[in-house]
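K.L.:
Letter by letter, the sequence shown follows residues 595 to 993 of my numbering.
Beta carbons: idealized from backbone N, C-alpha and C, even for Gly.
Quick one: structure below, then a few questions.
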Amino acid sequence: MDNVRPMDNKIGIAGIEIPFPVFIILIACASMAVTGILFAGHALYIGHHHALGTSREVPWGILIAGYVFFATFSTGLCIIASLGQVFGIKAFKPIVGRTLFLAAITIAAGLMSISLELENPWRVQIWALLSPHPESNIWWKTSIYSMYLMLLIFNLILLNRGKVKAASRVGLVALLACLAAVLNMKEDMSILGARAFWPDQYMPIYFLTFATLLACFGIFFFNWAAARISGEEISSEVKSALSATSKLTIVLLLIYGLFTAAKIMAGYAGEGVNNPDAMSLLLTGRFAGNFWVGEVGMAFIIPLALLLIARRNVDINGLFTAALTGLAGLFISVYDLIMAGQLVPHFAQYNIVGLPKYYSYTPSLHEYMMLAGGFFLVFTLFILGELLLRPDRLSVDEQ
């Protein structure tokens with residue numbers, strides 16, 4: 595520890611000065627990420643059938659919701675970054691570097707989340723290469739997202755070396771890869787018995803809107819956090835980018851509101867719904883609190899109101915509050931989407947004796963801790979990136 599020295603409320607580690615509060619937060623986040631991994635190791639040791647709340651009837655749980663959340667989050671971030679890097683929209687250029695870095699760490703957390711959900715995660719890396727199965731939705735999704743992560747890292751390396759044109763080409767390939775994955779997200783869900791709740795033809799557009807909306811909230815949240823870590827004022831260029839992002843967010847929120855309104859009307863009308871029992875569970879049953887408070891209030895009404903107020907002077911604290919509320923609401927939305935359809939027995943329409951109206955699922959402590967490990971991994975990598983890499987300084991303009 596000779597290379598660690600306190601100075602004026604800062605800690606010097608290997609020549610890097612870290613504000614003491616940031617250092618404490620970094621240690622806390624890293625500890626929680628490691629704790630989540632330790633819980634995953636314990637789940638492997640005792641068996642997932644003992645550690646997780648999933649079952650044969652409800653095979654997907656909150657960890658799958660975490661995977662979908664992080665994967666769509668990363669996709670949206672790549673889309674926003676591409677507006678500045680690939681399509682050359684000037685307003686978004688100042689936030690490209692940090693946004694690409696966030697895209698890389700969120701997809702890493704997504705891959706971690708789905709890997710920890712598997713009882714034998716090491717088989718994915720081995721047999722995906724040695725015995726590929728091109729007819730498998732999951733094989734394609736795993737392969738595409740793994741390639742996408744490598745492309746993001748390569749893109750950041752090229753930007754760091756000042757090779758802007760080459761980085762732009764790599765960014766385009768990464769964009770196509772993540773779009774191919776997210777636009778077919780519903781195909782993953784179609785392999786379950788609950789598929790009737792999800793195959794609506796609007797789902798690809800819903801996931802695209804959802805991903806970009808998540809990214810906008812993430813940009814507000816992490817740019818606010820970056821300013822707190824560095825102790826510096828947000829530059830006028832970044833404020834301009836945040837202003838443009840806030841306008842895009844309002845449009846996306848209105849589109850998301852239309853999807854939510856369509857869901858409400860379909861649920862109460864009972865028409866055009868392939869799984870009315872699941873929709874009833876979502877709107878008036880066990881998940882009603884999640885839907886009305888989380889999906890409608892936190893994900894739509896509150897962020898929209900805050901953004902309409904904050905966008906006038908680019909109030910960063912207002913944007914942060916809208917982002918925090920919106921991110922929480924959108925995670926609830928993902929959880930409802932994953933779970934509601936699964937809780938309706940596949941053969942419920944046949945009135946089988948002894949078959950419950952709804953299955954039950956409650957996340958276990960192991961699942962909560964593994965999910966928390968994914969979130970704290972993102973926070974840990976973000977803080978380290980801000981301290982060591984300063985991705986905000988990566989330029990997409992040719993020198």
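My output table needs one value for N597: the three-state DSSP class, helix, strand or coil.
P.N.:
As a working note, residue 597 is residue 3 in the sequence shown. Residue placement at N597 is poorly supported in this model, since its pLDDT is 48, which falls under 50; the coordinates are not used for a value here.
K.L.:
Return helix, strand or coil for I828, following the three-state DSSP convention.
P.N.:
For this step, residue 828 is matched to residue 234 along the sequence shown. Looking at I828 - three-state DSSP - the assignment turns out to be coil, as it is neither helix nor strand.
K.L.:
Just curious, the beta strand (DSSP E) that E611 is in, first and last residue?
P.N.:
Stepping through the sequence shown from its first residue, residue 611 is reached at position 17. Note, E611: beta strand (DSSP E), 610 to 613.
K.L.:
Between which two residues does the alpha helix (DSSP H) containing Y929 stretch?
P.N.:
Reading the sequence shown from its first residue, position 335 is the one you call residue 929. Taken as a continuous stretch (DSSP letters only), the alpha helix (DSSP H) holding Y929 covers 910 to 933.
K.L.:
How would you call D596, buried or exposed, if buried means at least 16 neighbouring beta carbons within 10 angstroms?
P.N.:
Residue numbering aside, residue 596 sits at position 2 when the sequence shown is read from its first letter. Unreliable placement is indicated for D596, whose pLDDT of 44 sits below 50; the coordinate value is still reported in the next sentence. Label assigned to D596: exposed.
K.L.:
DSSP three-state call for K604: helix, strand or coil?
P.N.:
Residue 604 sits at position 10 when you count from the first residue of the sequence shown. It is a strand residue.
K.L.:
So, do the segment 661 to 669 and the segment 622 to 640 have three or more beta carbon pairs nearer to each other than 8 angstroms?
P.N.:
By the Cβ rule, the segment 661 to 669 does not count as touching the segment 622 to 640, because fewer than three pairs are nearer than 8 angstroms.
K.L.:
Can you tell me which of M626, K604, V628 puts its alpha carbon nearest to the alpha carbon of F617?
P.N.:
Locating residue 617 in the sequence shown gives position 23, counting from the first residue. With distances taken between Cα atoms, F617 lies closest to K604.
K.L.:
Identify whether T666 lies in helix, strand or coil by the three-state DSSP scheme.
P.N.:
Here residue 666 refers to the residue found at position 72 when the sequence shown is read from its first residue. Helix, per DSSP.
K.L.:
Can you check the segment 706 to 792 for any alpha helix (DSSP H) of at least 4 residues that lies completely inside it and give the ranges in chain order?
P.N.:
716 to 724, 731 to 754, 758 to 776, 779 to 783
K.L.:
Are L981 and G660 closer than 8 angstroms when you measure CB to CB?
P.N.:
Start at 1 with the first residue of the sequence shown, and residue 981 comes out as number 387. Start at 1 with the first residue of the sequence shown, and residue 660 comes out as number 66. No, they are not a contact pair.
K.L.:
Taking 8 angstroms as the limit between beta carbons, can you name the residues of its chain near L694, skipping five residues before and five after?
P.N.:
Taking the first residue of the sequence shown as 1, we reach residue 694 at position 100. For L694, where only same-chain residues beyond five positions count, the Cβ hits under 8 angstroms are L671, C672, A675, Q679, L746, N749, L750, L753, G765, P985, L988.
K.L.:
With three or more beta-carbon pairs closer than 8 angstroms as the criterion, would you say the segment 825 to 836 touches the segment 906 to 923?
P.N.:
yes
K.L.:
Does the Cβ-Cβ distance between L802 and L777 come in under 8 angstroms?
P.N.:
Taking the first residue of the sequence shown as 1, we reach residue 802 at position 208. Taking the first residue of the sequence shown as 1, we reach residue 777 at position 183. Yes.
K.L.:
Would you decide whether H960 is buried or exposed? Buried here means 16 or more other CB atoms lie within 10 Å of its CB.
P.N.:
Position 366 of the sequence shown, counted from the first residue, corresponds to residue 960. Result: buried.
K.L.:
Roughly how many angstroms lie between the CA atoms of V972 and E889, to the nearest whole one?
P.N.:
The residue you call residue 972 lines up with position 378 of the sequence shown. The residue you call residue 889 lines up with position 295 of the sequence shown. For V972 and E889, the distance between alpha carbons rounds to 23 angstroms.
K.L.:
Output yes or no for whether 8 angstroms exceeds the beta carbon distance between L875 and Y952.
P.N.:
If you number the sequence shown from 1, residue 875 lands on position 281. If you number the sequence shown from 1, residue 952 lands on position 358. Contact flag set, yes.
K.L.:
Could you tell me which of T956, K735, A893, K841 sits nearest to S709, measuring between CA atoms?
P.N.:
Your numbering for residue 709 matches position 115 in the sequence shown. It is K735 whose Cα lies nearest to the Cα of S709.
K.L.:
The alpha helix (DSSP H) that contains M892, what's its start and end?
P.N.:
As a position in the sequence shown, residue 892 is number 298, starting the count at 1. No alpha helix (DSSP H) contains M892, which DSSP labels as neither H nor E.
K.L.:
If I measure Cβ to Cβ from G979 and keep anything under 8 angstroms in the same chain, skipping five residues before and after, which residues do I get?
P.N.:
For the purposes of this step, residue 979 is taken as the residue at position 385 of the sequence shown. Excluding five sequence positions before and after G979, the CB atoms of its chain that fall closer than 8 angstroms to its own CB belong to F695, I699, P985, given in chain order.
K.L.:
Which word fits S954, buried or exposed, when buried means at least 16 other C-beta atoms lie within 10 angstroms of its C-beta?
P.N.:
In the sequence shown, counting from the first residue as 1, residue 954 sits at position 360. Per the 10 Å Cβ criterion, exposed.
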